[in-house]
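Protein chains in written order, with the numbering used here: chain A, 539 to 840; chain B, 539 to 840; chain C, 539 to 840.
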């Protein structure tokens, strides 16, 4: 089975666009009464990681303005941070959230695919694979505190977690909307969604590139819980406490048993998947389409 | 895995019977304001195909009295019509509906399996396979406008589409009710249902040969939407407009990614599946059972 | 893929515990107006089997105080009883229920895994496999009349049936809660749950070792119907009548078509699955953990 990002000449305005061009005027502040004993884990600019030594819970905050796009740098930093936590036995669980207003993550950074060498594209795609392999295969308890919109790769990040709490805000949406942009989610995005919401909803959602409102996302099981926006992080922390009460070794094996077949499918196809992506994305017609799309974004911004 | 039509000595009266013997006194008329610029595609008697050159939407109306049974002729005509549309780049989507009152399609024509040569039975079964392969694997957007009951093969036709709109009429039902007739849906019917409503509902539905009311069908996800009977076709047309707004190439690849494994399973087993069907259906005991069933139908009609 | 019972040093108090230590003071009596013509099938102490020659329905009542633990003796008796019914053409369906108050079955008997020889452990695990293979693969209509709590192996028993009716009692719960005890459900427990409630709910339920209340179990599809406690058995009998109205041969083939792939997975891995279990359970650390757990149970009882 093969599926990489592909294109169509036609573009529609989508949630993706509105995110990129969104007026991000009011920030959000994270009070952190939950992390009394802080051990600053990383001072890198794109992701802030705080591991609370009291409870073993790490908070990963995406702080890459304006919309936490998954650039090569972001993905590399994410993989390194998660790997560190994975190897740290004092870390029991990871909460992923955004420090940017109104957006969890806008997904893959399209600039990494525009006018780049095949080598760069391959490196980028490998980083996307690694992010997924590390997060979907993590032994830690992972909880997504979805405090903003979460299209495409942002939705994938959320789906990789063990539990998803989303802000009950009608302006936020989540979904694998690649099709709306004329591209196609690769097979492991599809597998992750099917494991979350089932075959039929995935078939419909991927074909239409659906962005679900928070309410719709809850209804189909794409997220597990909606809470008022200012309670997303505290609810994630409370939920984490419940998950950490479970015998850890048994929980890890159960998680692995559920996810291993899906992970093995990409592991067995990493190189062909990269090749396919590079062949596709470096095509003249695709590059032209991406260029037109970026032009459109620029015009809207100005 | 093997599964073909099989039998049991016991027959129960079922929705299937009531369809065949139904009093089809009042017809239904299809006003067609939606197809201003008509290009009559086929003048064949069993299926009326109109391709609207304005929007690229083809309307396939089943008009094979009394109940749009899927005879060899019907299936052949259906496959040819769909193949023509598939190859026609001006056609973007296909709406399937019935021009017969109260029934979408009653499913496979049992007469094609009664007192026929093994060669005929093989030809018939191949036609059933081709219908499924073409419709489930279609690159076009396919929408079922289910304006009547839709048991067995009729339900399969509907499940092959990308979206299902059903008349909100408590007298209409839909489901793979083969078991009620003492026969068994083949594995690819089963796969199609499991892809639509999941494993558990399929297990229960196939074992009991359940015919779901429109309301129940919506609840389990066998259909996507219920509308008043006189709005089925207009809703299908409106829905089609939304689907056609999606970049076509990306949508096609997404659809194929979801359905290819299921399609490949039959492609790898076409001949064994035909052999198994023929071996089974030509057995004396089965022929006798079918004969008794047809006798019962006759008596009920008179 | 590998998964056997595994452990964690940490134990939490769980539903399992409360069951084992439960004050089972008031019994439940089974009036049996439904079994007029009784043919006492087995007089064994742990399971009472009554086959009603009038309708071909066998009632299997678990009567192994205090909580119908699945000991080697119980499992052996269960397999023999079911095998007898399976070979008895006059038997059409089997209703499984409990004669003990407040519990359907508490699951695998932990004493069979404590301070036992590798040979004994292997024998025990083989018996668990056989129970599952026979019940999940049964040709008869099987209905679980869940008149009490049903954790772990008890939940598995229920999930193996074709239909599940549970007492609408907020004090009863059901689920594969192995993780709560620091152990892990094997892959075929997991497959059975995924076939019943889907991938996502299984992933969450297994990781957390969730015990669902009757209401929750209905909502996620873990059981099919809730009725007042005194109507569980009568509803099971009425439901059985509907299932027995379906042509039997066709129903059997449909059932087999749905379950065969799952059954084949264990059949292909019986020996490795046993070896893995024995290797694990006979480890000193595991034996120590089980010992501590049993000590805790003793202290709570006294």
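No residue lacks a Cβ here, since even glycine has one placed at the ideal position from N, Cα and C.
Task: Span of the alpha helix (DSSP H) around residue 636 of chain B - done: Unbroken run through residue 636 of chain B is the beta strand (DSSP E), 631-636; no alpha helix (DSSP H).
- [ ] My understanding is that residue 722 of chain A touches residue 783 of chain B, with C-beta atoms under 8 Å, so please give their C-beta distance in whole angstroms.
- [x] In fact, because the Cβ distance is near 17 Å, the residues do not count as touching under 8 Å.
TODO: State the DSSP-derived secondary structure class of residue 599 of chain C, mapped to helix, strand or coil.
DONE: strand
Task: DSSP state of residue 799 of chain C mapped onto helix, strand, coil - done: helix
- [ ] Using beta-carbon positions only, say whether residue 624 of chain B and residue 584 of chain B come within less than 8 Å of one another.
- [x] no
Task: Simplified DSSP state of residue 794 of chain A, which is helix, strand or coil - done: helix
Task: residue 705 of chain B versus residue 776 of chain B - alpha carbon distance - done: 15 Å
Open item on the list: Would residue 700 of chain C pass as an interface residue toward chain B - the criterion being a Cβ-Cβ separation below 8 Å?
Closed with: yes
Task: Cβ shell of residue 630 of chain A (< 6 Å), same chain only, five flanking positions each side left out - done: 594 and 782
Task: Interface flag, residue 681 of chain C vs chain B, CB-CB below 8 Å - done: no
Open item on the list: Between the alpha carbons of residue 632 of chain C and residue 607 of chain B, how many angstroms are there, rounded?
Closed with: 38 Å
Open item on the list: Spatial neighbours of residue 693 of chain C within its chain, please: C-beta separation below 7 Å, excluding the five flanking residues on both sides.
Closed with: 712, 713 and 714
Open item on the list: Nearest by alpha-carbon distance to residue 592 of chain A: which of A:609, A:688, A:616 and A:628 is it?
Closed with: A:628
- [ ] Measure the Cβ-Cβ separation of residue 729 of chain A and residue 837 of chain A and say whether it is below 8 Å.
- [x] no
Open item on the list: Within a Cβ cutoff of 6 Å, which residues of the same chain sit near residue 620 of chain B, ignoring the five residues on either side of it in sequence?
Closed with: 672
Open item on the list: With H, G and I counted as helix, E and B as strand and the rest as coil, what does DSSP make of residue 774 of chain C?
Closed with: helix
- [ ] Note the first and the last residue of the continuous beta strand (DSSP E) segment covering residue 710 of chain C.
- [x] Run containing residue 710 of chain C: none; DSSP gives neither H nor E here.
Open item on the list: Between which residues of its own chain and residue 660 of chain B is the CB-CB distance below 6 Å, once the five residues before and five after are set aside?
Closed with: 812 and 816
Open item on the list: What residue range does the alpha helix (DSSP H) around residue 585 of chain B cover?
Closed with: Not the alpha helix (DSSP H): residue 585 of chain B falls in the beta strand (DSSP E), residues 585-590.
Task: Cutoff 8 Å: residue 795 of chain A Cβ touching any chain C Cβ - done: yes
Open item on the list: Looking at the secondary structure, which residues open and close the beta strand (DSSP E) in which residue 765 of chain B lies?
Closed with: 763-765
Task: Contact with chain C by residue 803 of chain B, beta-carbon distance below 8 Å - done: no
Task: Exposure label - residue 830 of chain C; buried when at least 16 CB within 10 Å - done: exposed
TODO: Kindly say whether residue 728 of chain A, judged by its beta-carbon, lies nearer than 8 Å to any beta-carbon of chain B.
DONE: yes
TODO: List the residues that DSSP assigns as beta-bridge partners of residue 680 of chain A.
DONE: A:632
Open item on the list: Taking the alpha helix (DSSP H) that residue 609 of chain B belongs to, which residues open and close that run?
Closed with: Unbroken run through residue 609 of chain B: none, as it is neither H nor E.
Open item on the list: Any beta carbon of chain A sitting closer than 8 Å to that of residue 773 of chain B?
Closed with: no
Task: residue 687 of chain B versus residue 733 of chain C: straight-line alpha-carbon distance, rounded - done: 29 Å
Task: Nearest-angstrom Cα separation, counted from residue 736 of chain A out to residue 841 of chain C - done: Nothing about residue 841 of chain C can be read from this structure; chain C reaches only from 539 to 840.
Task: Straight-line gap, residue 487 of chain B to residue 674 of chain B (C-alpha atoms, nearest Å) - done: Lying before the first or after the last residue shown, residue 487 of chain B is absent from chain B, which here runs from 539 to 840.
Task: Selected residue, minimal CA-CA separation from residue 762 of chain C, among C:823, C:696 and C:742 - done: C:696
- [ ] Would you list the residues sitting across from residue 618 of chain C in a DSSP beta bridge?
- [x] For residue 618 of chain C, which the question treats as bridged, DSSP gives no partner whatsoever.
Open item on the list: Are the CB atoms of residue 703 of chain B and residue 641 of chain B within a distance shorter than 8 Å?
Closed with: no
Open item on the list: Nearest by alpha-carbon distance to residue 718 of chain A: which of B:626, B:780, B:634 and B:611 is it?
Closed with: B:780
- [ ] Output, in chain order, the set of chain B residues within a Cβ distance shorter than 8 Å of residue 717 of chain A.
- [x] 784, 785, 788, 789 and 792
Task: C-beta atoms of residue 685 of chain A and residue 636 of chain A nearer than 8 Å - done: yes
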